[in-house]
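Trainee: In terms of my numbering, the sequence shown has 20 at position 20, counting the first letter as 1, and numbering is strictly consecutive.
No residue lacks a Cβ here, since even glycine has one placed at the ideal position from N, Cα and C.
Just so you know, these numbers come straight off a predicted model, no measurement behind them.
Handing you this structure, nothing more for now.
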Amino acid sequence: MKLAILGGGGFRVPLVHRALLAGGGVTELVLHDVDAGRLAAIERVLAEQAEDVSGAPRVRTTTDLAVALSDVDFVFSAVRVGGLRGRQLDEQVAAAEGVLGQETVGAGGIAYGLRTVPVAVGLARTIAELAPRAWVINFTNPAGLVTEAMAAHLGGRVIGICDSPVGLCRRVARALGIDPATAWFDYAGLNHLGWLRAVRVGGEDVLPRLLADAAACESFEEGKLFGADWLRALGALPNEYLHYYYFAREAAGSESRGAFLLEQQRGFYAEPSLASWERTRLEREATYMAETREGERDADDLDGGGYENVALALLRAIAHGERTTLILNVRNGSALPGVPGSAVVEVPCVVDANGARPIAAGPLPDHALGLVTAVKAVERATIEAATTGSRAAALRAFALHPLVDSVSVARRLLDGYVAVHPELAYLAR
Ligand code: G6P
Ligand code: MN
């Protein structure tokens with residue numbers, strides 16, 4: 001079985017490779033990237049990591065997309081258009097306007113989407129042409145809107161993934177003292193905009209028990225982040241990214257994650273080795289969302305164990321027909337009432353050899369549906385701008401985002417992003 005990783009020189013690729021070493025049936029791994037230097041660095045880490053592992057997949061690198069896609073069974077798409085420098089600029093332009101520049105939420109997410117969608121759509125078209133039977137697992141952020149743009153060319157063959165819902169479910173299970181394998185997690189929304197509404201064990205919803213216990217509630221990341229009284233008032237557990245909405249005033253303009261990671265990774269790519277990769281990775285995990293947290297993260301939250309495990313579970317379910325349930329980004333169909341059928345949503349799906357089908361999820365409460373509807377409209381305006389070159393659509397995306405509070409700000413954001421990002425030349429006046 002052949003797997004191609006697009007963005008194969010990316011920093012998190014060794015995590016995927018590590019998961020492949022533990023099983024899954026991939027015999028050939030091809031890393032594709034536009035940057036040969038980054039590919040060489042990652043190749044070196046993988047070689048060290050596979051030393052003495054029998055049955056490790058054969059690894060090749062290439063800058064030729066056609067080579068990567070020839071006879072491929074699975075494609076992991078994990079590109080970062082504009083690199084971490086682009087992420088840093090996304091944050092800076094937003095900070096200058098006092099709004100959020102986060103890579104997936106708010107103005108920063110729109111800018112990143114405007115840069116990424118043209119590239120992702122190009123990849124989707126090429127895959128549809130050169131590898132029409134391949135399954136595409138999209139890691140590329142902003143994952144919900146990028147998956148939706150790719151689905152226009154790949155239909156149900158592209159599935160978007162994220163580690164945050166499964167991380168939330170795992171932490172909630174731990175706080176409740178239950179085995180996650182025995183529970184049903186009623187999670188629904190969009191990527192980085194979802195809520196865990198119930199946790200059913202043998203027909204009983206045990207989430208109210210957790211919400212009633214302030215100490216248990218504040219024993220894990222999301223609980224600490226939102227505070228027990230707000231979670232009780234809300235009656236659900238939001239994805240950690242909802243922090244940017246529920247505490248918008250505190251969060252706006254405060255991040256400099258792109259700059260930090262850029263500097264951190266410069267060291268690794270200059271002198272790549274398994275040891276320096278592991279050091280760099282641990283520091284990255286330890287500082288994730290640090291500006292929203294007091295004190296250190298739990299050791300259990302540092303293993304990674306996120307994206308790569310979701311991706312591998314998905315690959316196995318499709319490749320070997322091992323039916324399972326995973327929270328994934330797929331077209332809604334009729335799973336979430338009130339959300340368009342063609343909109344990509346993040347919900348539990350049944351996965352088997354035929355792909356991923358969303359499970360009927362039951363309606364979102366009004367406050368959640370309102371936010372989902374507003375943000376989906378922004379995502380769709382972003383896709384429209386990126387696929388047609390419409391400045392009006394791009395302005396609508398910025399101005400209609402709930403975290404951008406003025407059309408004047410939206411105009412300046414659009415001009416500011418076009419000025420710093422060469423990839424946005426298509427939106428220049
Ligand atoms: C989580 C999110 C991902 C995001 C990552 C950012 O895992 O689910 O979508 O890419 O955080 O982490 P970073 O270390 O790049 O800030
Ligand atoms: Mn994510």
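#1: Count the CB pairs spanning the region 123-139 and the region 168-179 that are closer than 8 angstroms, and state whether there are at least three.
#2: Got a sec? Which residues, its chain only, sit under 6 angstroms from R391 by beta carbon, not counting five neighbours each side?
#3: Where DSSP assigns a beta bridge to P358, which residues make up the other side?
#4: Based on DSSP bridge pairs, tell me the residues matched to G194.
#5: Can you name the residues that DSSP bridges to W135?
#6: Should E91 be labelled buried (16 or more other beta-carbon atoms within 10 Å of its own) or exposed?
#7: Is it the case that the Cβ atoms of Q88 and G258 are separated by a distance below 7 angstroms?
#8: Can you tell me whether T104 is helix, strand or coil according to DSSP?
#9: Going residue by residue through the region 233-261, where are the continuous alpha helix (DSSP H) segments of at least 4 residues, counting only ones entirely within it?
#10: Expressed to the nearest angstrom, what Euclidean distance is found between the alpha-carbon atoms of R411 and P14?
#11: Under 7 angstroms, Cβ to Cβ, is there at least one residue of chain B near T116?
#12: Any residues whose CB sits closer than 7 angstroms to a heavy atom of the ligand HEM? List them in chain order?
#13: Helix, strand or coil for T61? Go by DSSP, reduced to three states.
#14: What residue range does the alpha helix (DSSP H) around E283 cover?
#15: Could you check whether the Cβ of Y288 sits closer than 6 angstroms to any heavy atom belonging to the ligand G6P?
#16: For A4, which residues does DSSP report across the bridge?
#17: Over the uninterrupted alpha helix (DSSP H) stretch that includes L413, give me the two end residues.
#18: Over what stretch of residues does the beta strand (DSSP E) that includes I159 continue unbroken?
#19: Buried or exposed: which applies to S273, given that a residue is buried once 16 or more other Cβ atoms fall within 10 Å of its Cβ?
#20: Is it buried or exposed, P142, if we count other Cβ atoms within 10 angstroms and call 16 or more buried?
#21: For P238 versus W184, is the C-beta spacing smaller than 7 angstroms?
#22: Per the contact definition of three or more C-beta pairs closer than 8 angstroms, is the region 20-40 in contact with the region 51-64?
#23: In or out: P358 buried (at least 16 other Cβ within 10 Å) or exposed?
Mentor: The structure says:
#1: Taking a cut-off of 8 angstroms on C-beta distances, the region 123-139 does not touch the region 168-179, as fewer than three cross pairs fall below it.
#2: As a first step, residue 391 must be located in the sequence shown, where it is residue number 391. Around R391: L427.
#3: Your numbering for residue 358 matches position 358 in the sequence shown. Beta-bridge pairing by DSSP links P358 to C349.
#4: Counted from its first residue, the sequence shown places residue 194 at position 194. For G194, which the question treats as bridged, DSSP gives the partners G189.
#5: Against the sequence shown, residue 135 aligns to sequence position 135. According to DSSP, W135 bridges with F74.
#6: Sequence index remark: in the sequence shown, residue 91 carries index 91 (1-based). It is buried - the Cβ of E91 has at least 16 other Cβ atoms within 10 Å.
#7: Start at 1 with the first residue of the sequence shown, and residue 88 comes out as number 88. Start at 1 with the first residue of the sequence shown, and residue 258 comes out as number 258. Yes.
#8: By one-based count along the sequence shown, residue 104 stands at place 104. When DSSP states are grouped into helix, strand and coil, T104 belongs to the coil group.
#9: If one requires a minimum length of 4 residues, the alpha helix (DSSP H) runs lying completely within the region 233-261 are 243-246 and 248-251, in chain order.
#10: The sequence position of residue 411 within the sequence shown is 411, counting from 1. The sequence position of residue 14 within the sequence shown is 14, counting from 1. Taking the straight line joining both Cα atoms gives about 40 angstroms.
#11: Included in the structure is just one protein chain, with no chain B present.
#12: Inclusion of the ligand HEM in the displayed structure is not the case, the ligand content consisting of the ligand G6P and the ligand MN alone.
#13: Within the sequence shown, residue 61 is the residue found at index 61, counting from 1. DSSP places T61 within a strand segment (E or B) once states are collapsed to three.
#14: Residue numbering aside, residue 283 sits at position 283 when the sequence shown is read from its first letter. It spans L274 to A286 - the alpha helix (DSSP H) in which E283 sits, taken as one unbroken run.
#15: Here the question's residue 288 lines up with position 288 in the sequence shown. Yes.
#16: Numbered from 1 along the sequence shown, position 4 holds the residue referred to as residue 4. Paired residues: V30 and V75.
#17: For this step, residue 413 is matched to residue 413 along the sequence shown. V407 to V420 is the span of the alpha helix (DSSP H), which, as asked, contains L413.
#18: Locating residue 159 in the sequence shown gives position 159, where the first residue counts as 1. For I159, the enclosing beta strand (DSSP E) covers residues V158 to G160.
#19: Counting from one through the sequence shown, the residue named residue 273 turns up at place 273. Answer is exposed; the Cβ neighbour count stays below 16.
#20: Translated into the one-based positions of the sequence shown, residue 142 becomes position 142. That one is buried.
#21: Taking the first residue of the sequence shown as position 1, residue 238 is located at position 238. Taking the first residue of the sequence shown as position 1, residue 184 is located at position 184. The Cβ-Cβ distance between P238 and W184 does not fall below 7 angstroms.
#22: The region 51-64, when compared against the region 20-40, does touch it at the 8 angstroms Cβ threshold.
#23: Reading the sequence shown from its first residue, position 358 is the one you call residue 358. With 16 or more other Cβ atoms from the protein chains shown falling within 10 Å of its own Cβ, P358 counts as buried.
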